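A.B. asks: Here's a structure for you.
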Amino acid sequence: MKSKIERMHTLIDINEELENYFSNTIIPQLYVDANLVLRKFTTPAMKHFSLKQNFAGLPLKNIANHFKYPPIISNIKAVIERGKIFEKEIQTTDKRWYQLNILPYFLRKENRTDGAIITFVDISNIKAQEELIAVHKLSLDTIAHDLKNPILGISLSLQLLKQQADKNDKKYSENLNNVEKGLIQLKTVINELTKSR
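Now the structure itself:
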């Protein structure tokens, strides 16, 4: 059995590891206890929650944040009560997007949840790419739709001209065939455009 001094050294080592982790991680992260009192936080979290070093020990609800997501406190409570992970994409007041993850802090010896760890992963670039892809798809659809109607009109007019054409006028028939080939190529390009989206 470990002596009191050995146990104290073990606790100091564990605390030092935890302090080292929280001071060196690049992810905004908070640790709150079961009463929603802020216990630890990473340096990047200071920006989003206007945190100062002496805020540890304050209730989380008293600390301002820059997220446009009012139910965050009730979500943290739910995770602590149910012991289940919660994930949601949320936005800051400066229009950046984050993946919010609330994980239960579980005490295995006591078989209970004693708080939560809240992480915020920056997904702004992913969101920007998704928006760009959506705009690109919409643009392709619009272009394809706007071109299909005139092409249909040209196609119908071409069929009428073919029916009225003088079979003996080779130059006229040749020109109609060239227009028809161009029309077929144009239809192919539009089909490929809509497929590529």
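Under our numbering, the first residue of the sequence shown carries the number 19, and numbering increases by one thereafter. Quick reminder that beta carbons are idealized off the backbone N, C-alpha and C, glycines included. Note that the structure is a prediction, hence the values are computed from the model and not measured.
Which residue's Cα is closest to the Cα of residue 116: 84, 99, 61 and 103?
C.D. replies: Residue 116 sits at position 98 when you count from the first residue of the sequence shown. When each option's Cα is compared against that of residue 116, the closest is 84.
A.B. asks: Alpha carbon to alpha carbon, how far is residue 158 from residue 142? Give it in angstroms, no decimals.
C.D. replies: Locating residue 142 in the sequence shown gives position 124, where the first residue counts as 1. Locating residue 158 in the sequence shown gives position 140, where the first residue counts as 1. Looking at the two C-alpha atoms, the distance is approximately 24 Å.
A.B. asks: Return yes when at least one heavy atom of the ligand NAP lies under 6 Å from the C-beta of residue 144, else no.
C.D. replies: The ligand NAP is not among the ligands present in this structure, which contains no ligands whatsoever.
A.B. asks: Report the rounded CA-to-CA distance for residue 178 versus residue 194, giving the unit in angstroms.
C.D. replies: For the purposes of this step, residue 178 is taken as the residue at position 160 of the sequence shown. For the purposes of this step, residue 194 is taken as the residue at position 176 of the sequence shown. Each residue's alpha carbon lies about 11 Å from the other.
A.B. asks: Pull up the CB-CB distance for residue 54 and residue 94, whole angstroms please, since I reckon it's below 8 Å.
C.D. replies: On the sequence shown, residue 54 is found 36 positions in, with the first residue counted as 1. On the sequence shown, residue 94 is found 76 positions in, with the first residue counted as 1. Going by Cβ atoms, the distance from residue 54 to residue 94 rounds to 6 Å, so yes, they are a contact pair.
A.B. asks: Would you mind listing the beta strand (DSSP E) stretches within the region 71-116 that are 3+ residues and don't spill past its ends, in chain order?
C.D. replies: Here the runs fully enclosed are 104-109.
A.B. asks: Which one of 137, 200, 105 and 96 has the shortest CA to CA distance from residue 67?
C.D. replies: The residue labelled residue 67 in the question sits at position 49 within the sequence shown. The shortest Cα separation from residue 67 among 137, 200, 105 and 96 belongs to 137.
A.B. asks: How big is the Cα-Cα spacing for residue 174 and residue 167?
C.D. replies: The residue labelled residue 174 in the question sits at position 156 within the sequence shown. The residue labelled residue 167 in the question sits at position 149 within the sequence shown. So the alpha carbons of these two residues sit roughly 11 Å apart.
A.B. asks: Rounded to a whole number of angstroms, what is the C-alpha to C-alpha distance between residue 150 and residue 203?
C.D. replies: For this step, residue 150 is matched to residue 132 along the sequence shown. For this step, residue 203 is matched to residue 185 along the sequence shown. Those two C-alpha atoms are separated by around 29 Å.
A.B. asks: Taking the CB atoms as reference points, tell me whether residue 103 and residue 121 lie closer together than 7 Å.
C.D. replies: Here residue 103 corresponds to residue number 85 of the sequence shown, with the count starting at 1. Here residue 121 corresponds to residue number 103 of the sequence shown, with the count starting at 1. Yes. Within cutoff.
A.B. asks: Which whole runs of the alpha helix (DSSP H) in the region 130-189 are 4 residues long or more, in chain order?
C.D. replies: If we require 4 residues or more, the alpha helix (DSSP H) runs fully inside the region 130-189 come out as 142-182.
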